[in-house]
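Asker: Once you've had a glance at the structure underneath, I'll fire off some questions.
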Amino acid sequence: MNRFLVPLAVFIVMVAFLAVGLGLNPREVPSPLINKPAPAFRLPQLHLPDKTFSQQDMKGKVWLLNVWASWCVSCRQEHPVLMELAKSNAVPIYGLNYKDPRDDALAWLKQFGDPYVLSIADRDGRVGIDYGVYGVPETFVIDKEGAIRYKQIGPVTPEALRDKILPLVKALQS
Amino acid sequence: MVPEIGQFALILALLLALAQGVLPIVGAARANSAWVSVARPAAQGQFVFVAIAFGCLAWSFANNDFSVLNVATNSNSQLPLQYRIAATWGSHEGSLLLWVLMLGAWTVAVTVFSRHLPEEMVARVVGVMGLVSVGFLLFLLLTSNPFERLFPAAPDGRDLNPLLQDPGMVIHPPMLYMGYVGFSVAFAFAIAALLGGRLDATWARWSRPWTTLAWCFLTLGIMLGSWWAYYELGWGGWWFWDPVENASFMPWLFGTALIHSLAVTEKRGSFKSWTVLLAICAFSLSLLGTFLVRSGVLTSVHAFATDPKRGIFILAFLTVVIGGSLALFAWRAPRVGLGGKFEPVSRESMLLANNVLLVAAAGSVLLGTLYPLFLDALKLGKISVGPPYFDAVFVPLMTPAVFLMGVGPLARWKEASLPEIAVRLKWALGVSLLTALLLPFVMGRWTPLVAFGLLLGAWIIATSAVALKYRLSRHDGNNLWARLRAQPRSYYGMLLAHCGVAVFIIGVTLVKGYETERDVRMAVGDSVTVGSYAFRFDGVQEVSGPNYGGARGTIDVSRGGRHVKVLHPEKRVYHVQQMPMTEAAIDTGIFGDLYVSLGEPVSGGAWSVRVYHKPFVTWIWGGCIIMALGGLLALCDRRYRVSVRRSEAIVTAGGKKGAGASGAAA
Amino acid sequence: MRLLALTAMLLFACAAAAGDAVPTITDPVTNKRAVHLAEQLRCLVCQNQSIADSNAELAVDLRRQINEQIAQGRSDGEIVDFMVQRYGEFVLYRPPLNAVTLLLWFGPVLLFAAGLAVLIYNLRRRRAQRDEQPLTADQHKQAERLLAAGSEREHR
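Residue numbers (our numbering), protein chains in the order written: chain A, 4 to 177; chain B, 311 to 976; chain C, 2 to 157.
This is the structure:
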């Protein structure tokens, strides 16, 4: 009798996994950079190309690095959320303008508003590769020591902001 | 109006399916012949209404009724008529309706071709199929209604995905579904047998032709998908171990194990509970495949747009159907006897070994497909399992199976002699080794992998020849032609199908071993050489089609200075979805394909172009077609067409105990 | 080889301004090593393609990275590590062999071994099965009748 139950038992185990799987997102690739130092870069600023910016400059502060581009449709989705966040001054947001012609990027910010303290231009996407960017938008929470503590894949939703990003920022700032 | 008729027809179909699913099974259990006789008419009625619903949806597509949400999402007025009709099954909802239509068709076929079966068995089989229909119809009506309306109606539609606007894509789903759904017949027979307690060789004989037919369709369906990917996707690949491809391959592997297992049960009455389990599993994997594609649990280029609600419904449905049948199996199967005795070395044991290998292979494919999900669910990280894994794991498992393909047909039933078989196969082994050693040099280069593949392919062909020769020699006296005619079609079906596998293996081996690719930037007049062919780029012109615009390249192919062909690869952009598509230009031949696809335009009127030479690639799909033909041939064997009722009369007349027992067990 | 040379000569003779096509960075003949590496890495944007096959922008960028690193003299292992550091093990097309994937890699062999064990166990059990009862005289006669009736139908 027991060996005839084996197929049923195997099936039940599999169904349990599939049921859990319904709540997971198979397309999401988690970042291996969590709790590791943010990869170093020094890039020209978008508005002031003669000046550069580096992640080093932010040592001692908690900040957000938001990867965006004018050609990215989902970025428009999260933009109002970022504008709100910028107004609230909870945490400074810096933009990484990814593979975008300068004029398009500037025009986009003019049209939709600029929540960033400043944006840097990653024209060929190399810094993006260093940060493991595979889609736009993505947002990184970086702590005072310069380590990445969280990566938001996809647009920053009000829920993600409320439940994950802001509590983490608060904890890191204290 | 028409969509409403369609919707209403679906509801009626559901009601009939309920009657079809419940009454006959209960009737058979209680020997209520009135309820038992509901089966056939209910099934036929259900099919009529599903066909009406399908017709209504197709009509809505053909007539550009954009007030139907499904039409607005998947069609467009610029879409040519044949693709508008094909768009009926191009979406999740539409393809499910196709599933239900095919299920209805198979059920009707069972009602028509089962006059010789006992009524209570037909009742159970049709009833089980009715219950499956109920599940799918409920799923359609509750979560995936193809007739949902869009008010106000859209001015025009979002167009069918350009990848689907192709003849291969039109026929691939229907073929595939005919296979998936066809396994439901074997499944229903298995459940009916478990319910009725009647599991013997005659049950196997009834199930076998249905299973073989479903297997043929599935083989063709998978082959069409592979061939389509090859010519449509533009980089010459033909199998990617994509989760949805695996979802179709696993039922195929189990189905192959099942048709072999049924052979044993039919001939010798052995493996009964194992065969029943295989039948349950083959259809279960079809259902699992449906779940995987539509629930969002796995990603794939094939996956339909996902919706967790649908995922939950299908999973619940899966659990009920598969869990229920496996529970029924655990309960009833132990009562079934062991059947005919056989020695450790015999055709039976070799077929069992073949089954073990096929099931292990299918299990490995399932493991690889679901492993990322397992790890993610257990919070152990995220990995991906790509083709290198499957290739590494599948080939070693299939190699012994291929070896057995040569030995099995020569082994006697019940008790075989290894030394005797070895003597007969000496010649075949010699020929195979020789082919493996020498043929690669003809192609230009010897590698161990190519030699190995050719060894396997040659082994199958050589051993089939030996088996045929030996079998013919047993009927001495008559002339060759009479002896050939005397063999049953199922025997030739087996040989043909096995040779189809050989052709497939040879095709895969030669393509993987000898294909060449160049990825180059070509200005007008530039040439590139692939193999012994020279490809000259003669520029690009603008073209436009009914719903697309694009660029059409001209490539002049020559060999040894002599002109061979002009190829026209295209790069299209479909207006509505703004999706770029590559239409590769292929020169197909028995000995190989020349394949050119346009990449991107680069400065100065030049383009990046990919050029391939793929020797013997058509043998891959040719092998599959031959396999399916073998199956069809086996199906047409006389013994399935001779009336079984008369032979039943003889048996039951001779043993009243037999008739009494079957009546009591019903 | 001669055919190639002949073809090349003819082409050279025929085409005045035309020349040989320039291989791109994904050309498997001139960039064997790069393509080989690219085939080991998954394209994260398009599901189920390697970055060798994919035409997505990210794939193009990563292929460029590979070429640059090859030019810098990095080894295959170093280049793959570079990718894994940034994208995680998900980017490996061929799943790694580590503690977590042991079951994945050894599963098939285990399945086969288990199946084989069950098979052998069953064969042994059958052998130990009680021998079949020989037919009684009556059953013999019935068998003969059936066979006779059967072969009549065969010859019809």
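Ideal placement from N, C-alpha and C gives every residue a C-beta, glycine not left out.
Could you tell me whether the Cβ of Phe-83/C comes closer than 8 Å to any Cβ of chain B?
Answerer: Looking up residue 83/C in the third sequence gives position 82. False, the Cβ-Cβ gap to chain B never drops below 8 Å.
Asker: Does the contact criterion of 3 or more C-beta pairs under 8 Å hold for the segment 95-108 of chain A versus the segment 149-164 of chain A?
Answerer: As far as the Cβ criterion goes, the segment 95-108 of chain A does not touch the segment 149-164 of chain A, which means the pair count is below three.
Asker: Classify Ala-556/B as helix, strand or coil using the three-state DSSP reduction.
Answerer: For the purposes of this step, residue 556/B is identified with residue 246 of the second sequence, where counting begins at 1. Here residue 556/B turns out to be Asn, not Ala, going by the sequence shown. Helix at Asn-556/B.
Asker: Within a Cβ cutoff of 7 Å, which residues of the same chain sit near Phe-550/B, ignoring the five residues on either side of it in sequence?
Answerer: The residue you call residue 550/B lines up with position 240 of the second sequence. If we look at Phe-550/B and ignore the five residues flanking it on each side, its Cβ neighbours are Pro-697.
Asker: Let me know if His-37/C comes out buried or exposed under the rule of 16 or more other beta-carbons within 10 Å of its beta-carbon.
Answerer: To locate residue 37/C, count along the third sequence from 1; it is residue 36. His-37/C is exposed by the Cβ-count criterion.
Asker: Using a Cβ-Cβ cutoff of less than 6 Å, which residues in the same chain neighbour Val-444/B once the five nearest sequence positions on both sides are dropped?
Answerer: Here residue 444/B corresponds to residue number 134 of the second sequence, with the count starting at 1. Same-chain partners within the cutoff: Ala-327, Leu-328, Gly-331.
Asker: So, are the CB atoms of Gly-547/B and Asp-54/C less than 8 Å apart?
Answerer: As a first step, residue 547/B is located in the second sequence; it is residue number 237 there, counting from the start. As a first step, residue 54/C is located in the third sequence; it is residue number 53 there, counting from the start. Closer than 8 Å, so yes.
Asker: Please state the DSSP three-state secondary structure of Leu-543/B.
Answerer: The residue given as residue 543/B occupies position 233 in the second sequence. Leu-543/B falls in the coil class under three-state DSSP.
Asker: For Asn-380/B, count neighbouring C-beta atoms within 10 Å of its own C-beta (all shown protein chains included) and say buried if the count is 16 or more, exposed if not.
Answerer: Translated into positions along the second sequence, residue 380/B becomes position 70. The residue in question, Asn-380/B, is buried, as its Cβ has 16 or more Cβ neighbours within 10 Å.
Asker: Note down the Cα distance separating Ala-22/A from Val-410/B, rounded to an integer number of angstroms.
Answerer: If you number the first sequence from 1, residue 22/A lands on position 19. If you number the second sequence from 1, residue 410/B lands on position 100. Roughly 25 Å separates the two Cα atoms.
Asker: Looking at the C-beta of Pro-140/A, does it have a partner C-beta in chain C at a distance below 8 Å?
Answerer: Taking the first sequence and counting its residues from 1, one reaches residue 140/A at position 137. Output row for Pro-140/A: interface = no.
Asker: Quick check: the segment 395-410 of chain B against the segment 337-344 of chain B, are there 3 or more CB pairs under 8 Å?
Answerer: No, because fewer than three Cβ pairs between the segment 395-410 of chain B and the segment 337-344 of chain B fall closer than 8 Å, the two stretches do not touch.
Asker: Ser-73/A to Ala-353/B, Cα distance in whole Å?
Answerer: Residue mapping note: residue 73/A aligns to position 70 of the first sequence, counting from 1. Residue mapping note: residue 353/B aligns to position 43 of the second sequence, counting from 1. For Ser-73/A and Ala-353/B, the distance between alpha carbons rounds to 57 Å.
Asker: Between Trp-71/A and Val-139/A, is the Cβ-Cβ spacing less than 8 Å?
Answerer: Along the first sequence, one-based indexing puts residue 71/A at 68. Along the first sequence, one-based indexing puts residue 139/A at 136. Taking 8 Å as the Cβ cut-off, Trp-71/A and Val-139/A qualify as a contacting pair.
Asker: Please classify Lys-779/B as buried or exposed, where buried requires at least 16 neighbouring CB atoms within 10 angstroms.
Answerer: Residue numbering aside, residue 779/B sits at position 469 when the second sequence is read from its first letter. It counts as exposed.
Asker: On the DSSP bridge assignment, give the partners of Thr-55/A in chain order.
Answerer: Walking along the first sequence from the start, residue 55/A turns up at place 52. In DSSP, Thr-55/A forms a bridge with Pro-47/A.
Asker: Should Ser-656/B and Arg-734/B be called a contact, given that it needs their Cβ atoms to be closer than 8 Å?
Answerer: For the purposes of this step, residue 656/B is identified with residue 346 of the second sequence, where counting begins at 1. For the purposes of this step, residue 734/B is identified with residue 424 of the second sequence, where counting begins at 1. Not a contact, by the Cβ cut-off of 8 Å.
Asker: Considering Cα atoms alone, identify which of Lys-33/C, Val-119/C, Asn-99/C, Phe-107/C is closest to Pro-654/B.
Answerer: Translated into positions along the second sequence, residue 654/B becomes position 344. With distances taken between Cα atoms, Pro-654/B lies closest to Val-119/C.
Asker: Rounded to the nearest angstrom, what separates Leu-587/B and His-426/B at their Cα positions?
Answerer: One-based indexing of the second sequence puts residue 587/B at position 277. One-based indexing of the second sequence puts residue 426/B at position 116. Cα-Cα distance, rounded: 25 Å.
Asker: Residues in its own chain within less than 6 Å of Ser-424/B by CB, not counting five upstream and five downstream?
Answerer: Position 114 of the second sequence, counted from the first residue, corresponds to residue 424/B. Contacts found: Val-432.
Asker: Might you give, ordered along the chain, the residues of its own chain that have their beta carbon closer than 8 Å to the beta carbon of Arg-642/B, omitting 5 neighbours on each side?
Answerer: Taking the second sequence and counting its residues from 1, the one referred to as residue 642/B is at position 332. So the list reads Leu-504, Leu-505, Gly-507, once near-sequence residues are dropped.
Asker: Identify each residue in the segment 60-73 of chain C for which the Cβ-Cβ distance to at least one residue of chain B is less than 8 Å, and report them in chain order.
Answerer: Of all residues in the segment 60-73 of chain C, none has a Cβ within less than 8 Å of some Cβ in chain B.
Asker: State the DSSP-derived secondary structure class of Asp-903/B, mapped to helix, strand or coil.
Answerer: Taking the second sequence and counting its residues from 1, one reaches residue 903/B at position 593. Reduced to three states, the DSSP call for Asp-903/B is strand.
Asker: Given this structure, state the Cα-to-Cα distance separating Thr-629/B from Ala-39/C, to the nearest angstrom.
Answerer: Position 319 of the second sequence, counted from the start, is the residue given in the question as residue 629/B. Position 38 of the third sequence, counted from the start, is the residue given in the question as residue 39/C. If I take the Cα positions, the gap works out to 41 Å.
Asker: Provide the residue span of the beta strand (DSSP E) that contains Tyr-101/A, from first to last.
Answerer: By 1-based counting over the first sequence, the position of residue 101/A is 98. Element bounds for Tyr-101/A: 96-101.
Asker: Would you list the residues sitting across from Leu-67/A in a DSSP beta bridge?
Answerer: Position 64 of the first sequence, counting from 1, holds the residue named residue 67/A. Looking at the DSSP assignment, Leu-67/A forms a beta bridge with Ile-96/A, Val-144/A.
Asker: When you compare the CB of Tyr-699/B with every CB in chain C, is at least one pair closer than 8 Å?
Answerer: The residue given as residue 699/B occupies position 389 in the second sequence. True, the Cβ-Cβ gap to chain C drops below 8 Å.
Asker: Run the CB neighbour count on His-873/B, radius 10 Å, all protein chains shown included, and call it buried at 16 or more, exposed below.
Answerer: Numbered from its first residue, the second sequence carries residue 873/B at position 563. That one is exposed.
Asker: Output needed for Tyr-137/A: all residues of its chain with C-beta closer than 7 Å, excluding positions within five of it in sequence on either side, in chain order.
Answerer: Looking up residue 137/A in the first sequence gives position 134. Cβ within range, chain order: Val-32.
Asker: Roughly how many angstroms lie between the CA atoms of Ala-761/B and Gly-823/B, to the nearest whole one?
Answerer: Taking the second sequence and counting its residues from 1, the one referred to as residue 761/B is at position 451. Taking the second sequence and counting its residues from 1, the one referred to as residue 823/B is at position 513. Each residue's Cα considered, the two are about 10 Å apart.
Asker: Hey, out of Asp-375/B, Val-811/B, Trp-416/B, whose CA is closest to Phe-357/B's CA?
Answerer: By one-based count along the second sequence, residue 357/B stands at place 47. Checking every option, the nearest Cα to that of Phe-357/B belongs to Trp-416/B.
Asker: Report the rounded CA-to-CA distance for Arg-955/B versus Gln-392/B, giving the unit in angstroms.
Answerer: Position 645 of the second sequence, counting from 1, holds the residue named residue 955/B. Position 82 of the second sequence, counting from 1, holds the residue named residue 392/B. Note on Arg-955/B: pLDDT 48, under 50, position unreliable in the model; no value is reported.
Asker: Hey, how far is the Cα of Gly-940/B from the Cα of Ser-494/B?
Answerer: Against the second sequence, residue 940/B aligns to sequence position 630. Against the second sequence, residue 494/B aligns to sequence position 184. Computed Cα separation, rounded: 22 Å.
Asker: Mapping DSSP to helix, strand and coil, what is Thr-25/C?
Answerer: For the purposes of this step, residue 25/C is taken as residue 24 along the third sequence, with counting starting at 1. Of the three classes helix, strand and coil, the one that applies to Thr-25/C here is coil, per DSSP.
Asker: My understanding is that Leu-988/B touches Leu-668/B, with C-beta atoms under 8 Å, so please give their C-beta distance in whole angstroms.
Answerer: An answer regarding residue 988/B cannot be provided, because it is not within the stretch 311 to 976 covered by chain B.
Asker: Contact between the segment 526-538 of chain B and the segment 496-503 of chain B is defined here as three or more beta-carbon pairs at a separation below 8 Å; is this criterion met?
Answerer: No, they do not touch.
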